[in-house]
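In the numbering used here, the protein residues as written are -19 to 66.
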């Protein structure tokens, strides 16, 4: 499983069902089917009591002609698990 930090504004957008995608540096070679643990990163520290485990359902990469840098990707996801003390 890939573990990544997520800033509060994006964490809460996922929590409120307004966001179902991530734009990330493609340093993990994200692929459909991968599971990613998105852990809340707040006040310069990881909050292990607040996270989502998501499963990637779509990956968009390698389209610099549309402004997406070659080192980045956008992936869509569905939530598999939500743990929050919020």
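For each residue, glycine too, the CB sits at the ideal point set by N, CA and C.
Subject >> Opening and closing residue of the beta strand (DSSP E) in which residue -7 lies >> reply: Here residue -7 refers to the residue found at position 13 when the chain shown is read from its first residue. It is not in any beta strand (DSSP E) - residue -7 instead sits in the alpha helix (DSSP H) that spans -12 to -5.
Original post:
Along the chain, which unbroken stretches of the beta strand (DSSP E) at least 3 residues long are found entirely within the segment 37 to 66?
Top reply: 52 to 63
Original post:
Mind checking residue 2: buried by the 16 CB within 10 Å criterion, or exposed?
Top reply: Position 22 of the chain shown, counted from the start, is the residue given in the question as residue 2. Buried.
Original post:
In terms of residues, what are the limits of the beta strand (DSSP E) holding residue 4?
Top reply: Start at 1 with the first residue of the chain shown, and residue 4 comes out as number 24. 1 to 5 is the span of the beta strand (DSSP E), which, as asked, contains residue 4.
Original post:
For residue 29, does the three-state DSSP call read helix, strand or coil?
Top reply: By 1-based counting over the chain shown, the position of residue 29 is 49. Correct three-state label for residue 29: strand.
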